[in-house]
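Participant: First the structure, then my questions, so here it is.
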Amino acid sequence: MAEKMSDMIKKEAGVAKGAGTAEAVGNISLEKLLNVVKKRKDVSLGKGSKEALKEAAGTCKSIGITIEGKDARKVIREIDDGKHDSLVAGK
């Protein structure tokens, strides 16, 4: 069975377990999060890379991991706005 996305994110962020509260317990770079997405692309619900990255960002929010020091909801808005398109495209 494939490793769960939340477990992969926690491993990349260097935390043992997610938060049980609203307080952040760790941080992950967008590049590392994209690597997790690429490893899990076969089981992602997202139709494309952007949607899969947003799915992973939502997982970060639910387990108390920030992305680039920002709340995951802000990063999801940035993805929607196209701010990270070059990273997602691999450029």
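With this note's numbering, the residue at position 1 of the sequence shown is 174, and numbering never jumps.
For every residue, glycine included, the Cβ atom is placed at its ideal position computed from N, Cα and C.
(1) Given this structure, state the Cα-to-Cα distance separating Ala262 from Glu196, to the nearest angstrom.
(2) In this structure, what does DSSP give as the bridge partners for Ile201?
(3) Within its chain, find whatever has a CB closer than 8 Å to the CB of Gly231; leave out the 5 residues flanking it on each side and keep chain order.
(4) Distance, Cα to Cα, Ala192 vs Thr239?
(5) By how many angstroms is the C-alpha of Leu260 removed from the C-alpha of Met178?
(6) Assuming Glu185 contacts Val210 (C-beta within less than 8 Å), just tell me the rounded distance between them.
(7) If you run the structure through DSSP and keep just helix, strand and coil, what is Val188?
(8) Output the boundary residues of the alpha helix (DSSP H) element that contains Lys177.
Facilitator: Let's see:
(1) The alpha-carbon atoms of Ala262 and Glu196 are separated by roughly 32 Å.
(2) As a beta-bridge residue in DSSP terms, Ile201 pairs with Ile240.
(3) Cβ within range, chain order: Ala245 and Ile249.
(4) Each residue's Cα considered, the two are about 11 Å apart.
(5) For Met178 and Leu260, the distance between alpha carbons rounds to 20 Å.
(6) By a beta-carbon distance limit of 8 Å, Glu185 does not contact Val210. Their separation comes to about 11 Å.
(7) In the structure shown, Val188 sits in coil (DSSP, three-state: anything other than H, G, I, E or B).
(8) Element bounds for Lys177: n/a, residue is neither H nor E.
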